[in-house]
Amino acid sequence: MHSNFQTVLAAIIAVIFFASSGTVLAADNPKPNAKTDTNAKTKADSKADTKTDSKSKSKWQPEIKIGILNGVQNVTLQMSAPCVMTDSLTKKPLQNIVAGEEFTIDMASLDSTAIEIRGDKIPLDEVHVMINGQEYFGGVSILKKSYGLTVINIAPVEEYLRGVLPKEMIPSWHIEALKSQAVAARTFVLKNRGRHKADGYDLCSTTHCQVYNGVNTFFGTDTAVKETRGQVLYYGGRTVDAPFHADSGGMTESASNVWGGSVSHLVAVAEEDTHTQAWTVNFSVYDFSSRMGAAFGTLQGFELSPLTIGKSDSDRTTSGRVKTFKIIGSKKTVQMKGDEARRKFSLPSTLFDVKIIGSQVVFTGYGKGHGVGMSQYGAQVYAQKGWLYNKILEHYYHGAKLKKLY
Ligand SMILES: [Zn+2]
150 MHSNFQTVLA AIIAVIFFAS SGTVLAADNP KPNAKTDTNA KTKADSKADT
200 KTDSKSKSKW QPEIKIGILN GVQNVTLQMS APCVMTDSLT KKPLQNIVAG
250 EEFTIDMASL DSTAIEIRGD KIPLDEVHVM INGQEYFGGV SILKKSYGLT
300 VINIAPVEEY LRGVLPKEMI PSWHIEALKS QAVAARTFVL KNRGRHKADG
350 YDLCSTTHCQ VYNGVNTFFG TDTAVKETRG QVLYYGGRTV DAPFHADSGG
400 MTESASNVWG GSVSHLVAVA EEDTHTQAWT VNFSVYDFSS RMGAAFGTLQ
450 GFELSPLTIG KSDSDRTTSG RVKTFKIIGS KKTVQMKGDE ARRKFSLPST
500 LFDVKIIGSQ VVFTGYGKGH GVGMSQYGAQ VYAQKGWLYN KILEHYYHGA
550 KLKKLY
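When the count follows our numbering, it moves up by one through the sequence shown with no breaks and lands on 555 for the last residue.
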């Protein structure tokens, strides 16, 4: 009897908790899966989301802190709705902020070491903030450090993704390709929260994490985020790494060949239908030789097996990407890794051949990017062929499953 009573009590408490946590102001470290269903994937979910999203804007979702400015002496802000400024440590309200009124916070006059500005009884996803004239989703937090202010945008993850997605994929692309990208980007965000913990936020707003310039909305990308709300890629009970690149060139690459280690959902997969175009990068023999340094002498030739996409060799990976090759100079021979050559000669990928033709060094290759995980170009081709986003994701992230976290 006693234990039954406890169970019932626990259930009642849980119901109260969910009801009260419905309106954002989520904890810094929310447990998204507390509210979730199972591995349900795809259509039924997206339909349900579309239905509920339009009505319940306050539906729970995690928050993300994105570092916007570092070491500034002052910052000009403007809130779209009535807000409250609180001290982040004591949680004491410091000041009411009027909607639409511009104000400046500077090092000298800020007494707290950390403040937050959020909507006054208004959920975070219904507030925007202008930071030095640039519009962002959600609220703002400011840290006072010895060298200046750190300005952080506190955004609901789904709104943040609306800002990120158009930076990652062309908003007019096929909706199923955009949805694949939305899931990959969301997976990245939730997997990498806290990456910049030492700086006081989760992610930065540059290519180091994901490029984010705030509000940047388009119908296609907004729809893709909405229809995949809360969905991430799961494998072995965890959110996976879900890297992506522009174009595989015909076959993706296993993570182990690029970054080492072994990741079972990031194996090389052949594209069934690729319209990828070959690229070429040329140098004069003279220019190439001088890039190799004085000790190298003049370029005499290369030692590299011929490229066949999807065919490995001692110097090529399973997909045909260059592992290493020999560059023969008049003074010495250099053994170079494909990746190093890609950086040194600004090649789009390591899926290449190289030859001397006349007085020219000609690199010919396919694809763009590291080749691991989803090919964005490939996703678009599959979407146009009629594949749904879950099928596209299963193709590129072998064995990973879609999971709806909230
Ligand atoms: Zn970063």
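We put the CB at the ideal spot given by N, CA and C, even for glycine.
The segment 319-337 contacting the segment 387-396, beta-carbon criterion three pairs below 8 Å: Enough Cβ pairs lie closer than 8 Å, so yes.
Contact set for isoleucine 301: own chain, Cβ-Cβ below 8 Å, skip 5 residues either direction: Lys214, Ile215, Gly216, Ile217, Val289, Ser290, Ile291, Leu292, Gly349 and Tyr350
Lysine 328 in three-state terms, based on DSSP: helix
Enclosing beta strand (DSSP E) for aspartate 371 [first to last residue]: Premise fails: aspartate 371 lies in the alpha helix (DSSP H), 368-376, not in any beta strand (DSSP E).
Three-state class that DSSP yields for proline 305 in the structure shown: DSSP places proline 305 in strand when its eight states are reduced to three.
heavy atom of ligand 1 below 7 Å from cysteine 232 C-beta: It does not: the Cβ of cysteine 232 is nowhere closer than 7 Å to a heavy atom of ligand 1.
Aspartate 548 to lysine 493 span [Cα, whole Å]: Per the sequence presented here, residue 548 reads as glycine, with aspartate not at that position. Going by the C-alpha atoms only, they are around 35 Å apart.
Test item: CB-CB of tyrosine 538 and glutamate 325 under 8 Å: yes
Rounded distance between the beta-carbons of glycine 369 and proline 320, thought under 8 Å: 5 Å
Cross-strand partners of threonine 473 (DSSP beta bridge): By DSSP's assignment, threonine 473 forms a beta bridge with Lys486.
Per DSSP, cross-strand counterpart(s) of threonine 355: According to DSSP, which records beta bridges pairwise, threonine 355 is partnered with nothing at all.
Within 8 Å, strictly: CB atoms of isoleucine 280 and valine 224: yes
Short CB-CB distance (under 8 Å) between alanine 528 and chain B: In the structure shown, chain B cannot be found, because there is only a single protein chain.
Any residue whose CB is nearer than 5 Å to a heavy atom belonging to ligand 1, listed in chain order: Around ligand 1, the residues whose beta-carbon falls short of 5 Å from at least one of its heavy atoms are Cys353, His357 and Cys358, given in chain order.
Three-pair Cβ contact test at 8 Å for the segment 409-421 versus the segment 495-515: no
Valine 434 and valine 510 closer than 8 Å at C-beta: yes
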